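Asker: The numbering used here puts the first residue of the sequence shown at 77, with every later residue one more than the last. Every residue, glycine too, gets a C-beta built ideally from N, C-alpha and C. Quantities reported herein were computed from a predicted structural model and do not represent experimental measurements. Before we start, here is the structure in question, set down as structure tokens.
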Amino acid sequence: MELLNIMLKRRSVREYNDENIPEEKLEKILQAGLLAPTSRNRKPCEFYLVKNKEILKKLSKSKASGSSMLEKANAAIVVVADSQKADTWIEDSSIALAYMDLMATQQDVGSCWCQSHLRFSADEEKSEDVIRNIFSLNDNYRIVGILSLGLTNNRPEAHCIDDIDENKIKYY
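Here is the structure:
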């Protein structure tokens, strides 16, 4: 599938069926994250593949809203970055999440990026702190987001190239 077609097809999917994602698809999604470029090739990101339903349920409560789909997900990938390795951990993590999101689409796996950085739980605890506690991480480990994954019967319709707003482009 051509990259532009994958980008058009990529949509946030928050409803999943009970089917397990084949391991080879999860491996390709993780490989995409590992292939993502990082500043000065410092590679500060680590990827926590979560399939454990109890951990997924805890992660679903890491934000006051926008994370509930994690409880019903087949899997999730928490992107954790060591801020001592690179001051570009936000950018590096974001690129990795985007690469994995696109690969999930290419593999016909529903996905949704769940932002953690600068978000809070219903108990007004920082989402990053909730996640750090789940995995017993030190404060230097930062979390931009989680990629929720699952197979779905309700994939939203692809975007259409004619719908893009080319007025956002300025030529000089």
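Count the other C-beta atoms from every protein chain shown that fall within 10 angstroms of the C-beta of Asn150, then say buried if there are 16 or more, exposed otherwise.
Answerer: buried
Asker: I think Tyr175 touches Ala108, with their Cβ atoms under 8 Å apart; what is that distance to the nearest whole Å?
Answerer: 4 Å
Asker: Assuming contact is defined by CB atoms lying nearer than 8 Å, are Ala152 and Val126 in contact in what I supplied?
Answerer: yes
Asker: By DSSP's criteria, Ala189 is part of a beta bridge. Which residues make up the other side?
Answerer: One point to set straight first is that residue 189 is Trp, not Ala, in the sequence displayed. According to DSSP, which records beta bridges pairwise, Trp189 is partnered with Leu223.
Asker: Does DSSP put Arg116 in a helix, in a strand, or in coil?
Answerer: helix
Asker: DSSP three-state call for Glu122: helix, strand or coil?
Answerer: strand
Asker: When the Cα atoms are used, what is the spatial distance from Ile210 to Lys134?
Answerer: 8 Å
Asker: Is the separation between the beta-carbon of Tyr92 and that of Thr181 shorter than 8 Å?
Answerer: no
Asker: Quick check on the DSSP output: the alpha helix (DSSP H) that includes Val206 runs from which residue to which?
Answerer: Ser203 to Phe211
Asker: Three Cβ pairs or more, each shorter than 8 Å: is that satisfied between the segment 78-86 and the segment 137-145?
Answerer: no
Asker: So, using beta-carbon positions, are Val155 and Cys121 closer together than 8 Å?
Answerer: yes
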